[in-house]
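Below is one structure, written out as structure tokens, with a few remarks after it.
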Ligand SMILES: [Zn+2]
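Numbering (the numbering used here), first residue to last: 332 to 690.
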């Protein structure tokens, strides 16, 4: 059994290694950065866009269709798309869920007073408005105030097919395999300094992650603000680090993530962890189709059907990949119950030549 654990551990190490360092994850860069601006306010046109354009950086502006700035300066908003920025959908009227701490939400635009059809109509109308401005039918959406429900009903599944990605407001960053395109996390700027924002970038580079930054006010226009000088310093830093960063609008990055996940990440429907013998201690890792090839073991039917599989040898201590001895088990899932990684790591370091044999 110990041998089986060892082989299984090696297989896991192999998977994690492959998964952690896939090629072309972020177009050959160490991390991806998406710069976003919410609510379509004048300061985006006056203080943000000129800096972006002077540096040649492309961002996503999550436009509230009927904002005061859109009504007064529609042509200038249209120009943002001409310059290569994404006009993202942030509804027409920016409804949010009211309540304690949200006293500023007007009753007419409180999601507690909306219906799902009304909200869907508002989002569709905004898509049409933005299409009339940039001619595009593909774009991303940002949840207003991060809200995903009308009263108690989630509307996420009703709009997901209309957008390449949906952005939330939770401050986290993830690797390409971990990003949830229906709830893309982001860091909300609230009087942060450039150095604080730069620390996020450095963390993203360190972890090969996607960093999404959300600005509201830039030199005013919203309580969630950033000073013009800090905003400029931050963008300049991004420009300087461009050899390490893929900086692009959300729609482009999301498209890339979608393709990558389609290719390498097993579908949710196949995520059925299967207990094998006493291997019940859960630790999870995603699995590449390539893993199967790497171990050289037989491919089960579902693998040939395109479902990624990790194959693991159990039982026979003399078993080697490709041999006919030993019992083979196939795990048809992406999140596989594994041994605690320290166990796998210990075995690996004690005798890593066996991993070479498996490779
Ligand atoms: Zn907003």
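Where is the CB? At the ideal position from N, CA and C, for every residue including glycine. Predicted model only: the values in this text are computed from it and were never measured.
Item checked: Assigned secondary structure, residue 463 (DSSP; H/G/I helix, E/B strand, else coil) -> Residue 463: helix per DSSP, three-state reduction.
Notebook entry, point to check: CB-CB under 7 angstroms to residue 550, same chain, minus the five flanking residues each way: which ones, in chain order?
Noted result: Only residues of its own chain outside the window of five on either side were considered, and among them 374, 378, 558 and 559 have a CB closer than 7 angstroms to the CB of residue 550, listed in chain order.
Item checked: Neighbourhood of residue 528 by C-beta, 6 angstroms cutoff - its chain only, sequence neighbours within 5 removed -> Closer than 6 angstroms at the Cβ level, and outside the excluded window around residue 528, lie 565.
Check: Taking the alpha-carbon positions, what's the residue 645 to residue 588 distance?
Finding: Only weak support exists for where residue 645 lies, its pLDDT of 39 falling under 50; the value from the coordinates is given anyway. Distance between the alpha carbons of residue 645 and residue 588: 35 angstroms.
Checklist line | Inside the segment 440–496 only - alpha helix (DSSP H) runs reaching at least 4 residues | finding: Taken in chain order, the whole alpha helix (DSSP H) runs of length 4 or more contained in the segment 440–496 are 447–465 and 487–490.
Note to self: Pull the bridge partners of residue 511 from the DSSP assignment, please.
What the structure shows: DSSP lists no beta-bridge partner residue for residue 511.
Check: Hey, is the segment 414–429 in contact with the segment 473–490, meaning 3+ C-beta pairs nearer than 8 angstroms?
Finding: Touching, yes, given that three or more Cβ pairs across the two stretches are closer than 8 angstroms.
Next item on the list: Compute the distance between the beta-carbons of residue 499 and residue 510, then report whether it is under 9 angstroms.
Entry: No, these two residues do not count as a Cβ contact at 9 angstroms.
Check: Just how far apart, CA to CA, sit residue 402 and residue 596?
Finding: Cα to Cα, the separation comes out at about 43 angstroms.
Notebook entry, point to check: Is the distance from the Cβ of residue 417 to the Cβ of residue 397 below 9 angstroms?
Noted result: Against a cut-off of 9 angstroms, the Cβ pair of residue 397 and residue 417 comes out as no contact.
Next item on the list: Please report the residue range of the beta strand (DSSP E) in which residue 435 lies.
Entry: Here residue 435 belongs to no beta strand (DSSP E), and DSSP marks it neither H nor E.
Item checked: Cα-Cα separation, residue 405 to residue 545 -> In a straight line, the C-alpha of residue 405 is about 22 angstroms away from that of residue 545.
Notebook entry, point to check: Is it the case that the Cβ atoms of residue 463 and residue 493 are separated by a distance below 9 angstroms?
Noted result: No.
Next item on the list: Could you spell out the range, first to last residue, of the alpha helix (DSSP H) harbouring residue 578?
Entry: Premise fails: residue 578 lies in the beta strand (DSSP E), 576–578, not in any alpha helix (DSSP H).
Notebook entry, point to check: In or out: residue 387 buried (at least 16 other Cβ within 10 Å) or exposed?
Noted result: Looking at its Cβ environment, which holds fewer than 16 other Cβ atoms inside 10 Å, residue 387 is exposed.
Notebook entry, point to check: Can we count residue 476 as close to ligand 1, meaning its CB is less than 8 angstroms from some heavy atom?
Noted result: Yes - ligand 1 has a heavy atom lying nearer than 8 angstroms to the Cβ of residue 476.
Check: Going straight from the alpha carbon of residue 536 to that of residue 438, what length do you get?
Finding: If you take the alpha carbons of residue 536 and residue 438, they lie about 43 angstroms apart.
Margin query: Here's the rule: buried if 16 or more other CB atoms are within 10 angstroms of the residue's CB, otherwise exposed. What is residue 449?
Written below: Result: exposed.
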